[in-house]
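Colleague: In the numbering used here, the protein residues as written are 9 to 364. First, the structure itself, so that you have it in front of you.
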Ligand code: CP
């Protein structure tokens with residue numbers, strides 16, 4: 009269903025809208041058959057993923073020359089973007105900021121509400137609405153689940169609509185991290201992600217990156233997932249139900265040792281203790297969910313080791329020297345994939361693909 013067909017049915021009440029099934033909501037965040045607000049991994053199909061990854065590849069090739077970089081920077085030089093990151097971030101913030109600059113955007117930022125008018129009592133909703141007076145794109149990270157979606161819902165109904173990109177919302181979703189993760193899997197694994205066994209390790213209950221990545225797996229045939237976590241931090245039922253509905257085989261274990269041998273990719277994550285309510289992470293023995301130098305001998309020669317970063321000690325530093333450790337490459341891929349997504353939202357990807 010296209011957005012125009014759906015508009016007559018859309019609820020003017022946020023709470024009612026929010027409670028709807030995601031498939032009913034997705035058309036509201038599209039315009040002219042393309043993503044307008046990027047909020048959930050479920051918005052991406054295989055065709056769009058392949059297209060975005062092709063645009064990312066083309067942009068990085070073009071940017072190797074001054075003429076190519078100048079061309080890219082001319083495409084959206086009349087646009088401005090707001091980065092509202094009120095939850096800590098290093099790489100998502102920087103990669104989005106630099107993705108904007110690659111395409112010529114001017115950027116503004118708020119990273120701390122104690123120095124915005126929210127400290128004077130302005131609601132977060134009014135605060136983000138203010139941005140639409142000044143900018144053409146809002147990129148957000150927010151600790152409250154659903155708040156980025158609510159911003160998109162508000163902005164879509166405003167007189168001057170502005171697209172919104174989710175740079176991480178609560179423990180809910182981080183769709184652009186999932187995009188760069190799949191781009192990395194495809195570029196580092198022979199034959200791409202199809203048919204591969206991906207082992208996700210760590211705090212799967214509260215890790216929004218592994219949630220968003222699991223959703224994207226519906227686009228790839230023959231993928232098998234293995235979830236390795238402490239019993240208290242298992243993947244949530246909504247994701248397991250989604251995988252079952254899409255006939256994606258998965259299994260759960262708390263023992264990394266045996267499963268690492270069969271992995272084509274091992275996706276490590278840190279414990280997400282910022283979501284603790286009563287220090288519950290302190291009771292978890294996380295040492296069993298770490299990848300050590302000695303484990304390099306156990307994994308396949310072709311297996312890649314990934315991490316959304318930041319890490320603590322769940323990957324031993326010396327592992328970085330191994331060619332199979334791709335997390336620093338993964339991080340850099342984020343800038344190009346995010347630039348490709350912005351190019352898509354602003355309908356300039358055809359110009360990029362046609363440029364010789
Ligand atoms: N992967 C990721 O979201 O990193 P940051 O928190 O540094 O943005």
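We treat Cβ as the ideally placed atom computed from N, Cα and C, and that holds for glycine.
(1) Return the CA-CA distance between residue 54 and residue 129, expressed in angstroms with no decimal places.
(2) State the Cα-Cα distance for the pair residue 174 and residue 326, rounded to the nearest angstrom.
(3) Give the DSSP-derived three-state secondary structure of residue 3 in the structure shown.
(4) How would you label residue 13, buried or exposed, when you count the other beta carbons within 10 angstroms and need 16 or more for buried?
(5) Cβ-heavy atom distance between residue 212 and the ligand CP below 7 Å?
(6) From the DSSP output, read off the bridge partner residues of residue 174.
(7) What's the C-alpha gap between residue 185 and residue 162?
(8) Could you compute how far the alpha carbon of residue 16 sits from the alpha carbon of residue 87?
(9) Quick one: give me the first and last residue of the alpha helix (DSSP H) that residue 139 is part of.
(10) Would you mind working out which of 89, 224, 234 sits nearest residue 266, comparing C-alpha positions?
(11) Could you check which residue in 243, 211, 200, 210 has the C-alpha nearest to that of residue 229?
(12) Could you tell me if residue 358 is buried or exposed, where buried requires 16 or more neighbouring beta carbons within 10 angstroms of its beta carbon?
(13) Entirely within the segment 181-219 and at least 4 residues each: give me those alpha helix (DSSP H) ranges in chain order.
(14) Looking only at DSSP bridge pairs, what is residue 276 linked to?
(15) According to DSSP, which residues form a beta bridge with residue 376?
Modeller: On the basis of the supplied data:
(1) As a working note, residue 54 is residue 46 in the chain shown. As a working note, residue 129 is residue 121 in the chain shown. Computed Cα separation, rounded: 44 Å.
(2) Within the chain shown, the letter at position 166 stands for residue 174. Within the chain shown, the letter at position 318 stands for residue 326. Near 33 Å, if we compare the C-alpha coordinates of residue 326 and residue 174.
(3) Since the first residue shown for the chain is 9 and the last is 364, residue 3 is missing from the structure and cannot be characterised.
(4) Along the chain shown, read from residue 1 onward, the residue named residue 13 stands at position 5. Because residue 13 sits at a pLDDT of 45, beneath the cut-off of 50, its placement in the model cannot be relied upon, and the point is left open.
(5) Within the chain shown, numbered from 1, the residue matching residue 212 stands at position 204. Answer for residue 212: no, Cβ out of range of the ligand CP.
(6) As a working mapping, residue 174 is identified with position 166 in the chain shown. For residue 174, which the question treats as bridged, DSSP gives the partners 148.
(7) In the chain shown, counting from the first residue as 1, residue 185 sits at position 177. In the chain shown, counting from the first residue as 1, residue 162 sits at position 154. Separation of residue 185 and residue 162 (C-alpha to C-alpha, rounded to the nearest whole angstrom) is 24 Å.
(8) Here residue 16 is taken as the residue at index 8 of the chain shown, counted from 1. Here residue 87 is taken as the residue at index 79 of the chain shown, counted from 1. Because residue 16 sits at a pLDDT of 43, beneath the cut-off of 50, its placement in the model cannot be relied upon, and the point is left open.
(9) Here residue 139 refers to the residue found at position 131 when the chain shown is read from its first residue. Per DSSP, residue 139 belongs to the alpha helix (DSSP H) from 132-139.
(10) The count along the chain shown starts at 1 and reaches residue 266 at position 258. Taking only the C-alpha atoms, the option nearest residue 266 is 234.
(11) Taking the first residue of the chain shown as position 1, residue 229 is located at position 221. Of the candidates 243, 211, 200, 210, the one whose C-alpha sits nearest the C-alpha of residue 229 is 200.
(12) Position 350 of the chain shown holds residue 358. By the 16-neighbour rule on beta-carbons within 10 angstroms, residue 358 is exposed.
(13) 183-196
(14) Numbered from 1 along the chain shown, position 268 holds the residue referred to as residue 276. According to DSSP, residue 276 bridges with 209.
(15) Look at the range of the chain in this structure, 9 to 364, and you will see that residue 376 is not part of it.
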